[in-house]
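Visitor:
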Amino acid sequence: MNQIESITGTGIPLLLDDIDTDRIIPARYLRCVTFEGLGEHAFEDDRKQDPEHPFDKPQYQNASILLGGRNFGCGSSREHAPQSLIRWGIKAIIAESYAEIFFGNCTGLGVPAVCASRDTLEALDQTIHNQPEQELTVDLLTMKIKSGDQQFDCTLPDNARAALTSGTYDFLAQLLQSESEIKEQAAGVPYFSSFA
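Note that our numbering gives residue 81 to position 81 of the sequence shown, counting from 1, and the numbers run on in steps of one.
1) Can the beta-carbon of L14 be found less than 8 Å from the beta-carbon of L67?
2) Evaluate the contact criterion for the segment 13 to 31 versus the segment 40 to 58: three or more CB pairs, one atom per stretch, below 8 Å.
3) Pick out whichever of W88, T165, F72, L38 has its Cα sitting closest to the Cα of N62.
4) By Cβ distance below 8 Å, which residues in the same chain neighbour A81 in space, the five residues on each side in sequence not counted?
5) Just how far apart, CA to CA, sit I7 and V138?
6) Does the beta-carbon of T197 have 16 or more other beta-carbons within 10 angstroms, so that it is buried, or is it exposed?
7) Given this structure, state the Cα-to-Cα distance separating I93 from G69, to the nearest angstrom.
8) Check each candidate in A116, K48, D170 and name the one with the smallest Cα separation from Q3.
9) Tell me which same chain residues have a C-beta within less than 7 Å of the C-beta of A160, skipping the five on either side of it?
10) Using a Cβ-Cβ cut-off of 6 Å (strictly less than) and excluding sequence neighbours within five positions of Q59, which residues of its own chain qualify?
11) Could you please give the first and the last residue of the uninterrupted beta strand (DSSP E) stretch that includes D139?
12) At which residues does the alpha helix (DSSP H) containing S84 begin and terminate?
13) Please give me, in chain order, every unbroken run of the alpha helix (DSSP H) with length at least 4 that falls completely inside the segment 8 to 45.
14) For K144, which option in H129, T127, N130, C115 has the closest C-alpha, if you only look at C-alpha atoms?
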């Protein structure tokens, strides 16, 4: 299981409130059989309407830390939203707050979704705009965001932090790791073994 203690990378600024999952990945892409290829459609409709959208700007193309606002990921519950961000290249999100289901999906996929104050977000937004090459670090052990010589506090619920730093966020990996115990338990369940 992959333990996630910190994420380092450049940032992409999207300091807007109430970004919903339909904006992150339009509903017409929910029919996909796998999540592969969703990254190219992240914020597709917003990008068509706004030629200055950060997801199209060359200076942010290799960014891995997304900066958002309040209530990020609101709207309908769809795993496709964080999946599209992951496939675009996002490995962590910093926002003021999150919709609960979006936050849970991020955690379950190994994407730390930390909260920071509006003042912190505005300072990071300015840094990212002025120095897009400046690396940020989201440290889950110290609960700090580092940007050059600046350091900011961030928060993450204890259960999400523990799951990410221990690697237990990945339920599939836990199942695969426990294969022999699952088979042993299943063998003792009468209705699993009584079919001819």
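Cβ atoms here follow ideal geometry from the backbone N, Cα and C, with glycine treated the same way. No experiment lies behind these values; they were computed from the predicted model shown.
Guide: On the basis of the coordinates in this document:
1) yes
2) yes
3) W88
4) T21, I24, I25, G73, F102, N105
5) 5 Å
6) A query on residue 197 cannot be resolved here, the shown segment of the chain reaching from 1 to 196 and no further.
7) 10 Å
8) D170
9) T107
10) P132
11) 135 to 139
12) 80 to 88
13) 21 to 24
14) C115
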